[in-house]
Amino acid sequence: MIRITADSSKGLRFVVEGQLSGSAVEELRTSCTGHGAGTILDLSGVVFADSAGTVLLNELSAAGFVLEGCGGFLSELLLSNARRVVR
């Protein structure tokens, strides 16, 4: 389960909370559609991400989204996935 809250008080920011897996990955993708470089994703509330979630976050980062609040677990998943893509 995931909760995505849009906050536009200081530019566009999506606050993402919960587990980024299964249908939640597509929900986040849909929320981000039409937005781009400079949009902030606050991931401090993400407690789990599966491989599809990690791939999406790397894609969004490459598209110019700013990923903030990544905990150690999520940061390591993102780095690990990025290394696999580069190889």
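So the mapping is simple: our numbering equals the position in the sequence shown, first residue as 1, plus 2. For each residue, glycine too, the CB sits at the ideal point set by N, CA and C. A quick note: this is a predicted structure, and the numbers were derived from the prediction, not measured.
Residue i: buried (16+ other C-beta within 10 angstroms of its C-beta) or exposed?
i, result
"phenylalanine 67", "buried"
"leucine 79", "buried"
"leucine 58", "buried"
Among the residues of its own chain, which have a CB less than 6 Å from the CB of residue i, if the five just before and after it don't count?
i, result
"glycine 55", "Leu22, Ser23, Val27"
Less than 7 Å between C-beta atoms, sequence neighbours within five positions excluded: which residues of the same chain meet that for residue i?
i, result
"serine 33", "Ile6, Phe16"
Please name the residue in the options whose C-alpha comes closest to that of residue i.
i, options, result
"leucine 14", "Gly20, Gly38, Ile4", "Gly38"
"serine 46", "Glu61, Ser11, Leu76", "Leu76"
"serine 63", "Ala8, Asp9, Arg31", "Arg31"
"serine 25", "Asn60, Ser53, Ser10, Leu81", "Ser53"
From the DSSP output, in three-state form, read off residue i for me.
i, result
"serine 11", "strand"
Give me, in chain order, the residues of the same chain whose beta-carbon lies closer than 8 Å to that of residue i; leave out the 5 immediate sequence neighbours on both sides.
i, result
"glutamate 70", "Ile42, Leu43, Asp44, Leu45, Ser46"
"alanine 51", "Gln21, Leu22, Ser23, Leu59, Leu76, Leu79"
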